[in-house]
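Asker:
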Amino acid sequence: MTAPAPPGSDQHTCHAKTCTTKVPPAVFMCRLHWGLVPAPMREAITALYQPGQEVNKQPSDEYLAIAKAAIDAVAHKEARRAHAAAPIPAPAPPAPAPEPAPAPGKSRKPRKKASPGPKPEQLALF
């Protein structure tokens, strides 16, 4: 959880691990992070909240356990999102394919192209 505010200070922030959004002392998380808390945990936090616990600093052990689980669940979701959004490196270009082995009895030397030579003459047949 975030560090407690100095005595006499009304500063309170969202309990998500990296969030610095200011919220009222009776509010557990900002709207963005509260939406990332799994519904059963949201319901448990709401049910276990004792009015005034933010003033007397005496939440129940059950509340603290669910609160920690909710904070961890939000951090996990944010980490997964960050990982999914990370750019994927381009794959390396494929290696050139090896030349196929010549058929038995054939030479590995490349063929010479036929030289054009003299242009053939057309003969008249009549």
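Counting from 1, position 74 in the sequence shown corresponds to residue 352 in the numbering used here; the numbering is continuous, with no gaps. All C-beta atoms, glycine included, are put in the ideal place defined by N, C-alpha and C.
Answer with buried or exposed for A368, where buried requires no fewer than 16 other C-beta atoms within 10 angstroms of its C-beta.
Answerer: To locate residue 368, count along the sequence shown from 1; it is residue 90. Per the 10 Å Cβ criterion, exposed.
Asker: Per DSSP, K253 forms a beta bridge with which residues?
Answerer: The chain is shown only over 279 to 404; residue 253 falls outside these bounds and no answer can be derived.
Asker: Using 8 Å as the cut-off, can you tell me whether the segment 319-328 makes contact with the segment 339-346, which would need three or more C-beta pairs spanning the two stretches below that distance?
Answerer: Touching, yes, given that three or more Cβ pairs across the two stretches are closer than 8 Å.
Asker: With 16 other CB atoms within 10 Å as the buried threshold, where does A317 fall?
Answerer: Working through the sequence shown from its first residue, we reach residue 317 at position 39. That one is exposed.
Asker: Excluding sequence positions up to five away, which residues of its chain have a Cβ less than 7 Å from the Cβ of A304?
Answerer: Counted from its first residue, the sequence shown places residue 304 at position 26. Excluding sequence neighbours, A304 sits near E332.
Asker: Considering only residues of the same chain and omitting the five flanking positions on each side of A353, which have a CB-CB separation below 6 Å?
Answerer: Looking up residue 353 in the sequence shown gives position 75. Closer than 6 Å at the Cβ level, and outside the excluded window around A353, lie K295.
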